[in-house]
Each structure stands twice: as C-alpha cells, then as structure tokens.
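Asker: Residues 452 to 917, numbered by my numbering, are exactly what the sequence shown covers, in order.
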Amino acid sequence: MRADEYRRHDAVALVELVAGGEVTPSEVLEAAVATIDARNPALNAVVIRFEDAARGAVARGLPRGRFHGVPFLLKDLDLALAGQPLTHGSRLFQGFVPDRDSTLVARYKAAGLVILGRTNSAELGLSFTTEPLAYGPTRHPQDPTLSPGGSSGGAAAAVAAGMVPMAHGTDGGGSIRQPAALCGLFGLKPSRGRTPAGPDASETFFGLAMSHALTRSVRDSAALLDATAGFEPGALHWLPEPERSYESCAGRDPPRLRIALQRRPFNGASVDPLCLAAVEEAARLCEDLGHHVEDGAPDLSGLDVGDAAGLLSGAFTAERISAFAAQNGIADPLAQLEPLHAAHVRAAMVRSAPDLVAALATMRAVERRVAAFFTRADLILSPVIATPSLPLGWLSSADPAERDRRAAAHAPFTTVYNRAGVPAMSVPFAQGRTPVGVQFAAALGREDLLFGLAGAIERARPWVTA
Numbered sequence: 452m453r454a455d456e457y458r459r460h461d462a463v464a465l466v467e468l469v470a471g472g473e474v475t476p477s478e479v480l481e482a483a484v485a486t487i488d489a490r491n492p493a494l495n496a497v498v499i500r501f502e503d504a505a506r507g508a509v510a511r512g513l514p515r516g517r518f519h520g521v522p523f524l525l526k527d528l529d530l531a532l533a534g535q536p537l538t539h540g541s542r543l544f545q546g547f548v549p550d551r552d553s554t555l556v557a558r559y560k561a562a563g564l565v566i567l568g569r570t571n572s573a574e575l576g577l578s579f580t581t582e583p584l585a586y587g588p589t590r591h592p593q594d595p596t597l598s599p600g601g602s603s604g605g606a607a608a609a610v611a612a613g614m615v616p617m618a619h620g621t622d623g624g625g626s627i628r629q630p631a632a633l634c635g636l637f638g639l640k641p642s643r644g645r646t647p648a649g650p651d652a653s654e655t656f657f658g659l660a661m662s663h664a665l666t667r668s669v670r671d672s673a674a675l676l677d678a679t680a681g682f683e684p685g686a687l688h689w690l691p692e693p694e695r696s697y698e699s700c701a702g703r704d705p706p707r708l709r710i711a712l713q714r715r716p717f718n719g720a721s722v723d724p725l726c727l728a729a730v731e732e733a734a735r736l737c738e739d740l741g742h743h744v745e746d747g748a749p750d751l752s753g754l755d756v757g758d759a760a761g762l763l764s765g766a767f768t769a770e771r772i773s774a775f776a777a778q779n780g781i782a783d784p785l786a787q788l789e790p791l792h793a794a795h796v797r798a799a800m801v802r803s804a805p806d807l808v809a810a811l812a813t814m815r816a817v818e819r820r821v822a823a824f825f826t827r828a829d830l831i832l833s834p835v836i837a838t839p840s841l842p843l844g845w846l847s848s849a850d851p852a853e854r855d856r857r858a859a860a861h862a863p864f865t866t867v868y869n870r871a872g873v874p875a876m877s878v879p880f881a882q883g884r885t886p887v888g889v890q891f892a893a894a895l896g897r898e899d900l901l902f903g904l905a906g907a908i909e910r911a912r913p914w915v916t917a
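1. Determine whether the beta carbon atoms of Leu791 and Leu597 lie at a separation below 8 Å.
2. Pull up the DSSP beta-bridge partners for Thr621, would you.
3. Mind the definition here: the region 608-622 touches the region 905-913 only if three or more C-beta pairs lie below 8 Å; say whether that holds.
4. Using DSSP with H/G/I as helix, E/B as strand and the rest coil, what is Ala585?
5. In whole angstroms, what separates the C-alpha of Gly780 from that of Leu537?
6. Between Arg500 and the rest of its own chain, which residues show a CB-CB distance below 6 Å, the 5 nearest in sequence each way excluded?
7. From which residue to which residue does the alpha helix (DSSP H) around Thr866 run?
8. Let me make sure I understand the geometry here. Which of Thr865, Ala759, Thr666, Glu853 has the alpha-carbon closest to that of Leu525?
9. Following the continuous alpha helix (DSSP H) through Ser764, name the residue where it begins and the one where it ends.
10. Where Thr768 and Leu575 are concerned, what is the direct C-alpha to C-alpha distance, given to the nearest angstrom?
11. Could you round the C-beta distance between Thr679 and Arg515 to whole angstroms and report it? I think they count as a contact, below 8 Å.
12. Could you name the residues of the same chain whose beta carbon sits closer than 7 Å to that of Thr866, not counting the 5 residues immediately before and after it, in chain order?
13. Just the C-alpha distance for Val466 and Gly512, rounded to the nearest angstrom, thanks.
14. Contact check, Leu639 vs Pro874 under 8 Å by CB: the rounded distance?
15. Between which residues of its own chain and Leu763 is the CB-CB distance below 8 Å, once the five residues before and five after are set aside?
16. Please report the distance separating the alpha-carbon of Leu473 from that of Glu481.
17. May I ask you to verify whether the region 541-553 touches the region 831-841, counting CB pairs closer than 8 Å and requiring at least 3?
18. Whose CA, out of His795, Val817, Met876, lies closest to the CA of Leu751?
19. Reducing DSSP to helix, strand and coil, say where Gly638 ends up.
20. Give me whichever residues DSSP pairs with Leu811 in a beta bridge.
21. Return the CA-CA distance between Phe518 and Ala462, expressed in angstroms with no decimal places.
22. Report all residues from its chain with a CB closer than 6 Å to the CB of Ser603; omit the five preceding and five following residues, and keep chain order.
23. On a CA-only basis, which of Gly685, Gly741, Glu745, Pro691 is nearest Gln713? Give me that one, please.
24. Would you call the region 846-866 and the region 605-619 touching, i.e. three or more CB-CB distances under 8 Å?
25. Going along the chain, which residues of its own chain have a beta-carbon closer than 6 Å to the beta-carbon of Cys737, five neighbours each way excluded?
26. Do Gly471 and Val521 have their beta-carbon atoms positioned less than 8 Å apart in this structure?
27. If you check the beta carbons only, do Gly747 and Ala828 fall under 8 Å apart?
28. Could you check where the beta strand (DSSP E) with Arg542 kicks off and where it finishes?
29. Go ahead and pull the three-state DSSP assignment for Ile627.
30. Taking only the alpha-carbon atoms, compute the straight-line gap between Ala776 and Arg707 and give it to the nearest angstrom.
31. Taking DSSP's pairing of strands, which residues face Thr570 in a bridge?
32. Compare the C-alpha of Asp671 against each of Phe891, His460, Ser773 and name the closest.
33. Are there 16 or more other CB atoms within 10 angstroms of the CB of Thr646, so buried, or fewer, so exposed?
34. At a threshold of 7 Å, does Gly638 count as lining the ligand ADP (C-beta to nearest heavy atom)?
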C-alpha cells in the first residue's frame, strides 16, 4: 500500500480494504510508518515510537475487532500501555514504563487497533497549546508558526497530516475539541463515565477529563466509541448503554432537534468574526436540515467556575506528582515541572480542604443548571474557540495570570461542558488559512444526538483532511 493511498482513507475504509483482502495489516502499518517518517520531522507530532512492537503484534495476529489492522496513536497522557514509556509530556516522568494496560488501551487492542506510538501532549494536560519542554513544540500541519492546539495537539497534527486516520485524545477543558477545531478534524468529548478511566483510577481531574479520539470522519469516532465505551468494575460514574450503536446513529438523520444558539461565551470574551461567521453558517445549515434554532444558553451567573476548575485540576495534579515522587525518591518534583505548571500546582497546594469541597460544589451546580437547560433544548450550538488560530508561544507567558487570561480569551466555550460532564463535539466548518470548528453539546448520555447531527452535516458539507 502506497503512503498516498493510505492517507486517502479513514479507519472504517481501511478496515474494509483489509477485510476484502486488498491489503494486509502489515502493509497498512508500513504505510503509516512511512507517512510518520516523512511528515513527523516538520511537525513533531509523534514523540515516542514503538513500531517494532506494533510489527510484533501484527505478526502474532490481531483480534478481529471493528478496527482490525488500523494504525493508532496514544496521547502521551494518562493511558498506560504495558512495556512502553508514559511521560505525561513532562520531564518529571521521563523513564516511567507502566507494567500493565489501562482498561481503555485493552479495549483498543481488542478492537484490533495497531498501536505504534505516542503523540506529543502539553505537560500533564495543563495547556491549550502543545509546547512541552520535554519534547518541544508540535507545529500545525498548515502553518509551522501556529500551534495545532492542546493538550491533544500531537494527536490533532498526526491525524490532520495523515499519519493515522484517528488518534487517542483527552479532554479536561476542551483538549480534544479545541485542537480538532484548529486542525479541521472531528472531535468528540464523551459524557462523564462513558469511557473507562481504570483500572488504576476512577476519574481524571475529579471527573473533568474524558478520553476518546480525534478523527477524520464522524463514523470513525462513532464506531470507536461503540468499541470502547461501557462500564468497568469499580467505575465512579456509570451510564446506561445506548439504544442503538453510535455508528448507526452517525449514518442516519436525527429527529428534528431544538438547537440553542450561543454566540457569546460565558466569560464575556470577544469572539473573532471568522468564528462567529462559522457558527452562523452552521445555524443556517441546521435549519436547512429541518431543525429549529433559536438563541439560548444556560445561566451560570454567580458561579466562579474558572477558580473551581483551576483548583480541581491543580489539586489532582499535585497528588499525581507527589505520589510519583514518593514512589521514586524524588525530593522536589515541582522543580522538574515547567514553571507555569509548577505555579499552578503551588497555587492549589496552599488552598484549604473547604476550598476543595466548595470547588466540587460549584461543579455540581454547573451540572444542575446545564441539565435543567437541556430539558428545554436538545443541543447547544456555539463556536469552539474565540480566536481562529493560535501562534506558537502565545500561551507560554511567564506570568501565570496572563497565561490564564489568554487561554480564557482563546477557548472560552469548551470548559463548561467538562464541568457539567455532558458530551460535546467540534465539527469542521470554515476552511481558510486554518480551519474553524463549531461546537455542539448535548445532555448527559446523548452522544446519539451528536453523532446523528454530525453525520448529517458531514453528508451535507463534506470536509477533507490529509
């Protein structure tokens, strides 16, 4: 299989080629390796490679799952793959090699995916750009002066450049949706509890973060969630199984939906005209598809959601690095973090136990208000980002307060849905110097509605990557 032919196919199409005997999993893997060899040096998207182990897995025989023979990349964050490094994008964790798979990794393997490397991540998932000191910056495939976003920026760049048709990502504040929006990809953050966090954890960032993927097509994302979602013993959160497969939902038009249109973010940040134009165009398309669109958004007034989320992520990270340091005899783990992230952790460590309880209470209040809003609307449509591009270095200010201000100005629409625990997706729309995505959010457990609408939009306005 030639590399240019490989890049023309999404994951489902590659499976069909393998199933039909037109190519072998080994040939598909070598096409992926050749593409990474050719394109990664300029982008720095893949930072840990283990294609020899992937070749061994193919040679031993892959499970006949939904994605039999499809190359796949893990983000260098959270998910453990036995025998391969996991550094969380940090110098602190250099040399760490887990001895067992995360539950989600085991499900990826059972689906027949061929895992051949790890993608670059912001350190500990704490930034909307992917410029860790441990590995250096990842660059946007369309413009090397720009970031592909973060913290799943390596995954986004790898998929957008055609290295793999889909790649694992995590989303604790927009870290799947924001890179998807910047790179012209489809990116879904599932509901809290939809994908497993175990076996060594019950949740990440106190339930703010979820794992799924960045993909070229809607059907790839839907079929991957079918293959990996579901209860695991000891899970903190649990959702009922969907009535039908997500892949079937993506292939059929949804019922007539009540869509609330939100033009302005909850924090009052200004929105670039290009981002507003994309969301207005999306609203018109939804109306053309038969849905009802009217202005609306949840009322979050009186809730200091930014402070709450910052404390939760900082406290979670503090415990993660402290536990690792204690296990490995590291006296001062903060000294090995990037200065901005060390400051973020220190700020959380001086807060009190009542502060942490109050932050959790704020998150639960957001859950209740957003859930109440979804009794009156099926979906919320908004921009994903307020600025349509992200220059490298712009979020690397030495001043934590300035970095936080810039991050809030860049991506003010995504974080509320992490706090509420509901599913949300970025759908490619405007295609210019860099792409612009639009966001749809749904009530807890209603990924079916998101996939149904995304599939309809993709059929009406196909997008192309790689």
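Note that CB positions come from ideal geometry on N, CA and C, so glycine has one too. Note that this is a predicted model, so its numbers are computed, not measured.
Answerer: On the basis of the data shown:
1. no
2. Ser662
3. no
4. coil
5. 18 Å
6. Gly568
7. 866-871
8. Thr666
9. 756-779
10. 8 Å
11. Not really, about 16 Å apart at Cβ, beyond 8 Å.
12. Gly624, Gly625, Ala760
13. 15 Å
14. 7 Å
15. Phe656, Phe657, Leu659, Leu807, Ala810, Leu811, Met814
16. The residue you asked about is not Leu; residue 473 is Glu in the sequence shown. Each residue's alpha carbon lies about 15 Å from the other.
17. no
18. Val817
19. strand
20. Leu811 is not bridged to any residue.
21. 7 Å
22. Lys526, Gly620, Ser626, Ile627, Pro630
23. Glu745
24. no
25. Ile710, Val744
26. no
27. yes
28. Arg542 -> no beta strand (DSSP E), and no H or E assigned at all.
29. coil
30. 53 Å
31. Val497, Lys526
32. His460
33. buried
34. Of the ligands one can find in the structure shown there are none, so the ligand ADP has no counterpart to examine.
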